[in-house]
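So the structure is just underneath, and the comments pick up after that.
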Amino acid sequence: MGNRVSELPEAYVLGEWDFYNITLKITPDVLIPRSDTEHLVDVALEYLRNLSTINYQLSTLNCLDLCCGSGCIGLAIEANCPGVEVTYGDISEAALAVARDNGCKDARLLDALKPPPTDFGHYDVLVCNPPYVRPDDPALDKSVLDHEPHIALFGAGEPPEAILGDGLDFYRALFPDWLSVLKPGGLFIVEVGYDQAGVVKQMAGEAGLEKVNIRKDYAGHDRVVYGNRRGGEHG
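Counted from 1, the sequence shown has number 190 at position 191 by numbering that gives the first Met the number 0; the numbering is strictly sequential.
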């Protein structure tokens with residue numbers, strides 16, 4: 000009885016879910032968008048709107064949504080900041096299919112654990128909600144474990160008991176490898192686990208980000224770490 004699979008979450012039953020005032024198609028190939036992730040959108044919009052005001056002559060601002068899943072973050076940015084062009088990347092072809100179904104025009108197969116392609120573009124903002132859940136985390140809800148894609152939770156498709164690690168592998172790769180795709184002064188934004196912000200903030204600073212800050216979620220947990228690539232006039 001103790002191993003009984005929990006009921007399918009409502010979002011997967013309905014096949015859709017609301018996030019940041021937009022309705023998205025959702026399947027078990029992607030995580031269910033959560034309100035905690037709205038804070039990544041908030042940080043990105045604040046920066047992009049400010050950048051647009053300062054550099055009013057720029058016709059287009061651009062953003063990379065890495066580990067995009069359903070595309071919820073990038074689509075919310077596009078919906079609330081006209082003129083921003085978003086590139087979506089994920090390692091899961093199934094997730095990219097959902098993202099494209101949601102209207103993500105430029106959705107590419109990208110592995111966040113590896114350096115970007117050598118001919119990759121440069122962006123004003125990089126936003127990423129990477130796999131950061133520890134399989135042994137006591138706060139992990141059984142419904143999430145039973146139904147949501149393990150590759151998006153843990154960064155692997157194996158059963159959780161076969162996965163080792165502290166949930167920080169993606170940050171170790173992201174900051175040194177993907178900082179180069181930001182324009183000077185560009186903003187790097189990541190979601191983190193409820194107890195990871197301190198160490199991730201340190202990683203970001205060591206990798207070369209400046210003005211590194213933390214944004215709390217609705218529950219008061221440190222949820223977003225963000226900072227600017229050195230070299231820009233505005234941050």
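Glycine included, C-beta positions come from ideal geometry on N, C-alpha and C. Here the structure is a predicted model, which is why all the values come from computation and not from measurement.
Length of the line joining the Cα atoms of residue i and residue j
| i | j | result |
| --- | --- | --- |
| Trp16 | Ala10 | 6 Å |
| Ala161 | Ser142 | Because the pLDDT at Ala161 is just 45, under 50, the model does not fix this residue reliably, and the point stays unresolved. |
| Tyr193 | Asp105 | 31 Å |
| Asn20 | Glu77 | 12 Å |
| Val199 | Val191 | 8 Å |
| Pro129 | Leu65 | 8 Å |
| Gly184 | Asp123 | 8 Å |
| Gly207 | Pro137 | 33 Å |
| Leu149 | Asp176 | Reading off the sequence shown, one finds His at residue 149, where the question assumed Leu. Going by the C-alpha atoms only, they are around 24 Å apart. |
Host alpha helix (DSSP H) of residue i (start-end)
| i | result |
| --- | --- |
| Cys71 | Cys71 to Asn79 |
| Arg171 | Asp168 to Trp177 |
| Leu7 | Taken as a continuous stretch (DSSP letters only), Leu7 belongs to no alpha helix (DSSP H), as it is neither H nor E. |
| Ile150 | His149 to Leu152 |
Terminal residues of the beta strand (DSSP E) in which residue i lies
| i | result |
| --- | --- |
| Glu209 | Leu208 to Lys215 |
Assumed close pair residue i, residue j - CB separation to whole angstroms, cut-off 8 Å
| i | j | result |
| --- | --- | --- |
| Cys80 | Leu44 | 6 Å |
| Val224 | Val189 | 5 Å |
| Val83 | Cys67 | Not really, about 15 Å apart at Cβ, beyond 8 Å. |
| Ala75 | Asp28 | Actually they do not touch by this definition, with Cβ atoms about 19 Å apart. |
For residue i, the residue or residues it bridges with in DSSP
| i | result |
| --- | --- |
| Leu65 | Gly88 and Cys127 |
| Lys24 | Glu15 |
| Val189 | Cys127 and Val224 |
| Val83 | Leu60 |
| Leu181 | Tyr122 |
Secondary structure, alpha helix (DSSP H): runs of 4+ residues fully inside the stretch 87-145
92-100
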